[in-house]
């Protein structure tokens, strides 16, 4: 039995060595896609977002407000225009993300304590950019206003510490737990790399069995109808190893720069369960018709939307029933929870058993796979005898 | 005409192609928007650790609980207890009110409320932050107004002058930060392109395979322009219908805004379909077998989404990556469609994207034609 596994393993290794495509699927292609994702988010924070200004006041005070906006690293004033309509053109043509309007008599109204408003019209079609700009503009203007108030109060109170306390009676201190870097690189890349990784596992497995059946080499590979399960395991094994190495590779890449709280061993165990789960699912997709091109289409439908279902960008508890169901049948969503809870929270190992258990459930798919392969191979070998 | 009929047969008898360009397009249009079906984020479970236990701290808690984003589901005695609940996933954020909060407030000592949220998930983090900032700042302002009133300042003036000036934020487009509105319009454009590329890639790769095997058929006998013209017409018709289905039915079903006028949308859409077809023919001429298209297109999807500039701003993207992405029609397509349909841009504002799409159509078609005709000639000569 083990001999059958061993033989299949060596057969597939030779086949990978002779096919540049199979080799690229477990080396160059995944690495290149990881590289692209990393390069996209390399800067980690958004900076110099262009905004347009309509300054109806043109006073000393309005210039001070504008220069404090300009000095923030998040945004930059890309144009000064004379009316809102012109400014909106910049936003609609995506040349700027926001319009700042400083009202007429802004300085005068401030002096008269009439509490004027600066208006910021922010393009929230791009939610992420919208959120970044809203908070950057709010805090810049608030600080600026506080400075003005501070100077005014200092004249009245004559005590710097008491002046600060009078400006903000309650202070707020904000602590981000876990992803303490508030950096989008960590947040998105640590989920996008696994999302790319699972696509490659399914495709590489499908290419391995697909090319075999398309090239009519299945009889050469299986030789007889014995130990079909073992031979399939041997076929899968080179890819299991390759994707474990790639997986451990990206973990090292991410967590050499960012803190890792929990147990690396549990995470790697979960990773192993995930790789095999995906290989079993790929085989299940293949046995629906033993058709190479069609199984690739099914693999595409199954793996391509996975990132959206991970709950990283959009929270899980706000998903509807179908979305939760689809999320549950993707091994990567269980794996991702494990990665987050080990890396960020360092959760107790016993709290992770359910996730590992669910991943193991996917392995059950191997039973129908063996059964259908047996049926199919029986037909092929019988034809030969006849 | 004969070529056209053979092409129709060739395309519609290919299960993998039909599964993608018809089944896939419809299936994806339902599957992709599912996670965001509820659109925006509802209240988050939050725990409060109240070390003060005064009437003032209780009023702060009450007002926090009254915000749309925060739902106080627990009160813990210590920060450690609250943190344990956070790790177990029972709550998403913790708010801590310090000892002697009321006293310090009365003494003008500006006590500090601590807010901690799980920043592994940015929407959760942002939601808690926004709500608690707003609530606490409002209460801060109330206290200031009260103090001014004590100093015999009239209420109307006190209300106006608690800060010298402030910022009034107006959300343009997608006013309530709907996630569907953010993701669906852009991703749907990518789906149209990717399914088209897979379909044309399978067909093109399949022709190359047959030519390599020296098979004979209409694809070796008739002039190449007849094959390409038929294929372009068939794909154009199918995807024109898909486009109407997406921008008409799907957008209205998922409540996505449609600001563009129909003429602008269709004019731009035609350029986008043509560019995608040309790009698909080009890829098809490169692929050596039927099965290369699906993986290649699949691997490119996530990088293309994030390099398109709607999730992650172009300003933060390396220039080289953006230039690379501009070679693919979806990048200009997404920019133009979002401008027209989501932001109500005039056609003149998306003219650059429109021009890029036509240039792509011509260049890729030219490349596809040259490459494939060279491959075909070689195989015929070898005979």
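Protein chains in written order, with my numbering: chain A, 1 to 386; chain B, 387 to 769.
Note that CB positions come from ideal geometry on N, CA and C, so glycine has one too.
Partners in chain B for residue i, counting only beta-carbon separations shorter than 8 Å
i              : result
residue 116(A) : 551
residue 110(A) : 550 and 551
residue 307(A) : 688
residue 259(A) : Within 8 Å Cβ-Cβ: nothing; residue 259(A) doesn't reach chain B, min ~12 Å.
Partner residues on chain A for residue i, Cβ-Cβ distance less than 8 Å
i              : result
residue 701(B) : 46, 47, 48, 49 and 50
Continuous beta strand (DSSP E) stretch holding residue i: start and end
i              : result
residue 498(B) : 498-504
residue 461(B) : 456-462
residue 98(A)  : 98-102
residue 122(A) : 117-123
Chain A contact residues for residue i, given Cβ-Cβ distances below 9 Å
i              : result
residue 565(B) : 127, 313, 314 and 318
residue 560(B) : 123, 124, 125, 126, 127 and 130
Assigned secondary structure, residue i (DSSP; H/G/I helix, E/B strand, else coil)
i              : result
residue 76(A)  : strand
residue 553(B) : strand
residue 750(B) : helix
residue 313(A) : coil
residue 55(A)  : strand
residue 180(A) : Caution applies to residue 180(A), whose pLDDT of 48 falls short of 50 and renders its modelled position unreliable; the model cannot decide the point.
residue 771(B) : An answer regarding residue 771(B) cannot be provided, because it is not within the stretch 387 to 769 covered by chain B.
residue 436(B) : strand
residue 367(B) : In the structure as shown, chain B starts at 387 and stops at 769, and residue 367(B) therefore has no counterpart that could be examined.
residue 714(B) : coil
residue 675(B) : coil
residue 305(A) : coil
residue 703(B) : coil
residue 46(A)  : coil
residue 477(B) : coil
residue 28(A)  : helix
residue 765(B) : helix
Chain B residues whose Cβ lies nearer than 9 Å to that of residue i
i              : result
residue 22(A)  : Neighbours of residue 22(A) on chain B: none; closest Cβ ~11 Å, over 9 Å.
residue 120(A) : 553, 554, 555 and 556
residue 84(A)  : Within chain B, no residue comes near residue 84(A); the closest Cβ sits about 11 Å away, beyond 9 Å.
residue 141(A) : 551, 552 and 553
residue 196(A) : 685, 688 and 689
residue 199(A) : 681, 684, 685, 687 and 688
Cβ-heavy atom distance, residue i to the ligand GTP, below 6 Å
i             : result
residue 36(A) : As far as ligands go, the structure on display features none, and thus does not contain the ligand GTP.
Rounded Cβ spacing between residue i and residue j (contact assumed at less than 8 Å)
i              : j              : result
residue 118(A) : residue 553(B) : 5 Å
residue 457(B) : residue 430(B) : 6 Å
residue 270(A) : residue 347(A) : Incorrect: roughly 12 Å between the Cβ atoms, too far for contact.
residue 669(B) : residue 583(B) : 6 Å
residue 21(A)  : residue 202(A) : Not really, about 16 Å apart at Cβ, beyond 8 Å.
residue 77(A)  : residue 51(A)  : 6 Å
Partner residues on chain A for residue i, Cβ-Cβ distance less than 7 Å
i              : result
residue 676(B) : 293
residue 669(B) : Those do not exist, as residue 669(B) stays about 15 Å from chain A at its closest Cβ, beyond 7 Å.
residue 473(B) : 345 and 347
Contact list for residue i against chain B, beta-carbon separation under 7 Å
i              : result
residue 94(A)  : 721 and 725
residue 131(A) : 512
residue 134(A) : 555
residue 304(A) : 684 and 687
residue 301(A) : 410 and 413
Segment limits, alpha helix (DSSP H) that includes residue i
i              : result
residue 486(B) : Residue 486(B) -> no alpha helix (DSSP H), and no H or E assigned at all.
residue 690(B) : 679-693
residue 274(A) : 264-287
residue 89(A)  : 84-92
residue 244(A) : 228-257
residue 9(A)   : 2-18
residue 107(A) : 106-111
residue 399(B) : Element bounds for residue 399(B): n/a, residue is neither H nor E.
residue 588(B) : 565-598
residue 70(A)  : 60-70
Residues of the stretch 584-615 of chain B in Cβ contact with chain A at a cutoff of 7 Å, in chain order, please.
588
Give, in chain order, every residue of the stretch 399-422 of chain B whose Cβ lies closer than 7 Å to some Cβ of chain A. 401, 402, 405, 406, 410, 413, 417, 418, 420, 421 and 422
* To do: Anything in the stretch 705-719 of chain B with a Cβ closer than 7 Å to a Cβ of chain A? List those residues in chain order, please.
  => 707
Return the residues of the stretch 677-691 of chain B that lie within a Cβ-Cβ distance of less than 7 Å from chain A, sorted by chain order. 677, 680, 681, 684, 685, 687, 688 and 689
Give the residues from the stretch 215-244 of chain A that approach chain B closer than 7 Å (Cβ to any Cβ), ordered along the chain.
none
So if I threshold CB-CB distances at 7 Å, which residues from the stretch 59-71 of chain A count as touching chain B? For the stretch 59-71 of chain A, which is checked against every Cβ of chain B, not one residue is closer than 7 Å.
- Task: May I ask you to list, following chain order, the residues of the stretch 730-764 of chain B that have a beta carbon less than 8 Å from some beta carbon of chain A?
- Result: Cβ contacts with chain A: 730, 731, 732, 735 and 736.
Near-chain B residues of the stretch 29-45 of chain A (beta-carbon distance less than 9 Å), N- to C-terminal order: 29, 30, 32, 33, 36, 37, 39, 40, 41, 42, 43, 44 and 45
Which residues of the stretch 352-380 of chain A have a Cβ closer than 8 Å to any Cβ of chain B? Give them in chain order. Listed in chain order, the positions of the stretch 352-380 of chain A with a beta carbon within less than 8 Å of a beta carbon of chain B would be empty, since no residue qualifies.
Select from the stretch 270-287 of chain A all residues with a C-beta closer than 8 Å to any C-beta belonging to chain B, and list them in chain order. none
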